[in-house]
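Residue numbers (my numbering): 156 to 590.
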């Protein structure tokens, strides 16, 4: 089996352009206090440059308005974009819109409801509407979506939806909500749920609030084009039956198609953030003199740098391998690799940023550097898209499938010695006789 993460020279040129573009044109926006209208006005010509380079909405196939890059190239791209919260926005692949576009694309292919392309998919790809993925519930479904309580009951040509969701990311600014709801409570656990597109202004949709979080207590995420994590109640919300994404009972299958690639992109964006933190750590180490020497000359700091570098490299190779496996064999076949990078990459991100804050002291703890915000975002990485513990369980279960119980350990030396004596009995006898 050959592992190859290489890309074409033409794409390497695109990556080089992206690095310069993100550094020179997008990162400076972080420092400005912009209202939403001003932010959008500044981003508009930048988005046009991205489109002119053929890099807009690269996560979808060409027939759906994207570039069809595949996961390895998308991963390399997201590593660059992840250095700043504005990066994915400028390239048309910011969460949750990019994942919801993929959901709609898969649903259209499965159901043949091509009208959804013009009504929702194309406007979403063009940035003319915003979306949210409404799955998590406050009292039941979080890490275990088989516990979904929100129901959709068919009445003639309509669905009637009742339930309570929260942490619907982007929910308070979305035009459409992709709601994951139970449509057949008597079916098998993973066949009960479906996904339905709900217009955010539909009668009965109540946006209760944006839940302030450690990640973003002051709702500054809005400056980055993100609408926060909304609590939503669905009160007998009626939508057409044809608003179904894919087919009835496809909810879990669609969720996995959406979340697998999304986790690859998350992990590569985290690597961009981690590398940025390591850059700050190394610069500080070479600049700060204390207790008789530069910080770079102190063994503890050298350990921080070495451990950060090794962690980033390990996470990067793991993520690219998962992306390569997904490109070659599909998301279900890469399930173990995807779960492994999710919890490993989140911890690497957290650790590298923590060391960068430590070496900067009070400056790192302050808002004069981006590290404090990066640190808050990094803590959330261990929860969203499935908490670390769930992904560890997935990895352990998949790994254990390759083993069998044994009454006597297979590496038991006395047993192996006896087997070896039997295997090589003739040669042993000849050797002993020769003596």
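Ideal Cβ positions, reconstructed from N, Cα and C, are used throughout, including at glycine.
Computed from a prediction, not measured in an experiment: that's the story for all the values here.
Answer with buried or exposed for residue 579, where buried requires no fewer than 16 other C-beta atoms within 10 angstroms of its C-beta. Within the chain shown, the letter at position 424 stands for residue 579. The residue in question, residue 579, is exposed, as its Cβ has fewer than 16 Cβ neighbours within 10 Å.
Between which residues of its own chain and residue 182 is the CB-CB distance below 8 Å, once the five residues before and five after are set aside? Numbered from its first residue, the chain shown carries residue 182 at position 27. Spatial neighbours of residue 182 in its own chain (CB-CB distance under 8 Å, excluding positions within 5 residues in sequence) are listed in chain order as 238, 239, 241.
Would you call the CB atoms of residue 529 and residue 440 closer than 9 Å? Position 374 of the chain shown, counting from 1, holds the residue named residue 529. Position 285 of the chain shown, counting from 1, holds the residue named residue 440. No, Cβ-Cβ distance for residue 529 and residue 440 is not below 9 Å.
To test your reading of the DSSP string, which unbroken alpha helix (DSSP H) runs of 4 or more residues are found completely within the stretch 523-552? Secondary structure remark: continuous alpha helix (DSSP H) runs of at least 4 residues inside the stretch 523-552, in chain order: 526-535.
Quick one: measure Cβ to Cβ for residue 500 and residue 474, integer angstroms, because I've assumed they're closer than 8 Å. Within the chain shown, the letter at position 345 stands for residue 500. Within the chain shown, the letter at position 319 stands for residue 474. Between residue 500 and residue 474 a beta carbon distance of about 6 Å is seen, short of the 8 Å cut, so the two are scored as contacting.
Kindly identify the DSSP beta-bridge partner or partners of residue 319. The residue you call residue 319 lines up with position 164 of the chain shown. Residue pairing from DSSP places residue 319 in a beta bridge opposite 388.
Among 525, 568, 559, which one has its Cα closest to the Cα of residue 186? Position 31 of the chain shown, counting from 1, holds the residue named residue 186. It is 525.
For the pair the stretch 317-337 and the stretch 385-394, tell me if three or more CB-CB distances fall below 8 Å. These segments touch.
Residue burial classification, residue 257 (beta-carbon count within 10 angstroms, cutoff 16): One-based indexing of the chain shown puts residue 257 at position 102. By the 10 Å Cβ count, residue 257 comes out buried.
Please state the DSSP three-state secondary structure of residue 419. The sequence position of residue 419 within the chain shown is 264, counting from 1. In the structure shown, residue 419 sits in a helix (DSSP, three-state: H, G or I).
Nearest residue (CA-CA) to residue 251, options 287, 558, 506, 545: The residue you call residue 251 lines up with position 96 of the chain shown. By alpha-carbon distance to residue 251, the top candidate from 287, 558, 506, 545 is 287.
Sufficient close CB pairs (3 or more, under 8 Å) joining the stretch 266-273 to the stretch 301-312: With the cut-off at 8 Å, the stretch 266-273 and the stretch 301-312 do not touch.
Is it true that the stretch 225-233 meets the stretch 416-428, where meeting means three or more beta-carbon pairs spaced less than 8 Å apart? Cβ pair count under 8 Å is three or more, so yes.
Can you tell me the Cβ-Cβ gap for residue 312 and residue 217, rounded? I've got them flagged as a contact below 8 Å. Taking the chain shown and counting its residues from 1, one reaches residue 312 at position 157. Taking the chain shown and counting its residues from 1, one reaches residue 217 at position 62. Their Cβ separation, rounded to whole angstroms, is 34 Å, which puts residue 312 and residue 217 out of contact at 8 Å.
Could you give the distance in angstroms between the alpha-carbon of residue 428 and the alpha-carbon of residue 438? For the purposes of this step, residue 428 is identified with residue 273 of the chain shown, where counting begins at 1. For the purposes of this step, residue 438 is identified with residue 283 of the chain shown, where counting begins at 1. Answer to the nearest angstrom: the Cα atoms are 16 Å apart.
Start-to-end residues for the alpha helix (DSSP H) that takes in residue 504: Taking the chain shown and counting its residues from 1, one reaches residue 504 at position 349. Going by DSSP, residue 504 is part of the alpha helix (DSSP H) stretching over 490-515.
Check whether the stretch 200-218 touches the stretch 167-177, counting contact only when three or more Cβ pairs, one atom from each stretch, lie closer than 8 Å. Contact between the stretch 200-218 and the stretch 167-177 is present, because at least three Cβ pairs lie under 8 Å.
Straight-line Cα distance separating residue 463 from residue 506: Against the chain shown, residue 506 aligns to sequence position 351. Against the chain shown, residue 463 aligns to sequence position 308. In a straight line, the C-alpha of residue 506 is about 8 Å away from that of residue 463.
Can you grab the Cα-Cα spacing for the pair residue 234 / residue 168, in whole Å? By one-based count along the chain shown, residue 234 stands at place 79. By one-based count along the chain shown, residue 168 stands at place 13. Taking the straight line joining both Cα atoms gives about 15 Å.
Applying the 10 Å Cβ sphere with the 16-neighbour rule, what's the burial state of residue 334? Here residue 334 refers to the residue found at position 179 when the chain shown is read from its first residue. Residue environment analysis places residue 334 among the buried positions, since at least 16 neighbouring C-beta atoms fall within 10 angstroms of its C-beta.
The alpha helix (DSSP H) enclosing residue 265, as first and last residue numbers: Along the chain shown, one-based indexing puts residue 265 at 110. Counting along the chain, the unbroken alpha helix (DSSP H) around residue 265 starts and ends at 252-266.
Separation of residue 344 from residue 570, as counted between CA atoms: Residue 570 sits at position 415 when you count from the first residue of the chain shown. Residue 344 sits at position 189 when you count from the first residue of the chain shown. Residue 570 and residue 344 have their C-alpha atoms some 46 Å from each other.
Looking only at DSSP bridge pairs, what is residue 332 linked to? As a working mapping, residue 332 is identified with position 177 in the chain shown. 287, 353, per the DSSP bridge assignment.
Starting from residue 483, trace the beta strand (DSSP E) both ways and give me its first and last residue. As a first step, residue 483 is located in the chain shown; it is residue number 328 there, counting from the start. Element bounds for residue 483: not the beta strand (DSSP E) but the alpha helix (DSSP H), 454-484.
Please state whether DSSP places residue 444 in a helix, a strand or coil. Along the chain shown, one-based indexing puts residue 444 at 289. Residue state, collapsed to three classes: strand.
Going straight from the alpha carbon of residue 584 to that of residue 415, what length do you get? In the chain shown, the residue the question calls residue 584 occupies position 429. In the chain shown, the residue the question calls residue 415 occupies position 260. Between residue 584 and residue 415, the C-alpha separation is close to 58 Å.
Report yes if the C-beta distance between residue 308 and residue 332 is below 9 Å; otherwise report no. What you label residue 308 is simply residue 153 of the chain shown in a count that begins at 1. What you label residue 332 is simply residue 177 of the chain shown in a count that begins at 1. For residue 308 and residue 332, no; Cβs fall outside 9 Å.
Assuming contact is defined by CB atoms lying nearer than 9 Å, are residue 555 and residue 533 in contact in what I supplied? For this step, residue 555 is matched to residue 400 along the chain shown. For this step, residue 533 is matched to residue 378 along the chain shown. Not closer than 9 Å, so no.
What does the Cβ neighbour count give for residue 298, buried or exposed, with the cut at 16 atoms within 10 Å? One-based indexing of the chain shown puts residue 298 at position 143. Exposed, since its Cβ has fewer than 16 Cβ neighbours within 10 Å.
Taking all protein chains shown into account, do 16 or more other C-beta atoms lie within 10 angstroms of the C-beta of residue 468, making it buried, or fewer, making it exposed? Residue 468 sits at position 313 when you count from the first residue of the chain shown. By the 10 Å Cβ count, residue 468 comes out exposed.
With H, G and I counted as helix, E and B as strand and the rest as coil, what does DSSP make of residue 567? For the purposes of this step, residue 567 is identified with residue 412 of the chain shown, where counting begins at 1. Residue state, collapsed to three classes: coil.
How long is the line joining the alpha carbons of residue 166 and residue 248, rounded to whole angstroms? Within the chain shown, residue 166 is the residue found at index 11, counting from 1. Within the chain shown, residue 248 is the residue found at index 93, counting from 1. The alpha-carbon atoms of residue 166 and residue 248 are separated by roughly 18 Å.
Is the beta carbon of residue 245 less than 9 Å from the beta carbon of residue 285? Translated into the one-based positions of the chain shown, residue 245 becomes position 90. Translated into the one-based positions of the chain shown, residue 285 becomes position 130. Cβ atoms of residue 245 and residue 285: not closer than 9 Å.
With burial defined as no fewer than 16 other Cβ atoms inside 10 Å of the residue's Cβ, what is the status of residue 196: buried or exposed? Looking up residue 196 in the chain shown gives position 41. By the 16-neighbour rule on beta-carbons within 10 angstroms, residue 196 is exposed.
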